[in-house]
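Worksheet: the structure to be examined is printed underneath.
In this note's numbering, the protein residues as written are 510 to 762.
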């Protein structure tokens with residue numbers, strides 16, 4: 510069963526890592542684009558620790574995050590956000606995700622940094638595990654003056670459901686791909702095309718969150734990269750013949 514103990518165990522194992530560790534930054538970039546190879550990696554580490562401890566749903570209520578403000582807003586939307594007052598920090602628990610504002614406000618929009626609460630020390634002080642602090646993973650002791658707030662993961666989200674007798678799974682649906690009409694779909698697009706619209710509709714039918722407008726914008730590119738990674742294709746964000754074929758012929762799960 511996943512939970513805060515597992516999350517902290519994985520985070521503790523990385524204490525001492527420094528210099529933008531590839532296992533954290535490259536894994537995130539492989540999922541979301543090479544631009545993240547140069548981005549701040551404190552929240553990428555939280556994402557990594559959550560996924561590798563079986564706590565992705567609880568710790569990442571809005572999905573993978575590298576931008577701390579959006580991560581905090583995810584907890585707000587889930588109604589699991591606590592402002593960083595001394596009184597609230599006394600009620601914090603190991604495994605809570607804590608957000609910092611070096612400007613010493615409790616404004617979510619001003620958040621600069623994130624970590625995991627390891628211990629509650631009392632009087633508004635906490636011991637944390639943080640990544641990208643002096644370009645490394647380290648333990649820190651913080652107090653309410655720099656804590657904007659913290660999110661309380663809903664650990665039950667990652668609790669396995671009671672086992673049920675196995676039932677035969679339906680045979681995955683496949684469909685012969687129509688001939689690739691070209692040209693290849695890539696960002697930025699020159700214009701809207703029927704080829705793009707047809708590909709977007711097929712991806713939407715497969716369950717992907719994508720607009721069907723014929724415009725191969727950044728959102729379509731992101732969906733394409735994730736689909737390519739899922740199917741073991743070259744991850745380049747371009748819909749060419751191989752990606753087109755897989756869009757129809759790979760099993761629809």
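We put the beta carbon where it would ideally sit given N, CA and C, even for glycine. Every value quoted in this text rests on a predicted model; they were computed, and no experiment measured them.
Span separating the alpha-carbon of residue i from that of residue j
i	j	result
residue 680	residue 750	Only weak support is given to the placement of residue 680: the predicted model assigns it a pLDDT of 47, under 50, and the question is left unresolved by the model.
residue 694	residue 713	16 Å
residue 743	residue 737	6 Å
residue 523	residue 696	36 Å
residue 630	residue 607	14 Å
residue 602	residue 639	16 Å
residue 622	residue 692	43 Å
residue 531	residue 644	13 Å
residue 700	residue 724	7 Å
residue 641	residue 520	13 Å
residue 752	residue 578	34 Å
Cβ-based neighbour list, residue i, same chain, cut-off 8 Å, excluding 5 preceding and 5 following
i	result
residue 544	538
residue 575	537, 541, 545, 548, 549, 550, 552, 553 and 556
residue 518	562
residue 628	603, 635 and 636
residue 745	734 and 737
Boundaries (first-last residue) of the alpha helix (DSSP H) holding residue i
i	result
residue 583	577-586
residue 719	Neither: residue 719 is in no alpha helix (DSSP H) and is coded neither H nor E.
Residue i - containing beta strand (DSSP E), residue span
i	result
residue 520	Here residue 520 belongs to no beta strand (DSSP E); instead the alpha helix (DSSP H) covers 513-522.
residue 607	606-609
residue 629	622-631
Backbone secondary structure at residue i - three-state DSSP
i	result
residue 652	strand
residue 558	helix
residue 643	coil
residue 591	strand
residue 598	helix
residue 754	helix
Sequence-distant residues of the same chain with beta carbon closer than 6 Å to residue i, five excluded per side
i	result
residue 709	719 and 721
Beta-carbon contacts of residue i that lie in its chain and below 7 Å, excluding the five residues immediately before and after
i	result
residue 662	564, 567, 568, 604 and 606
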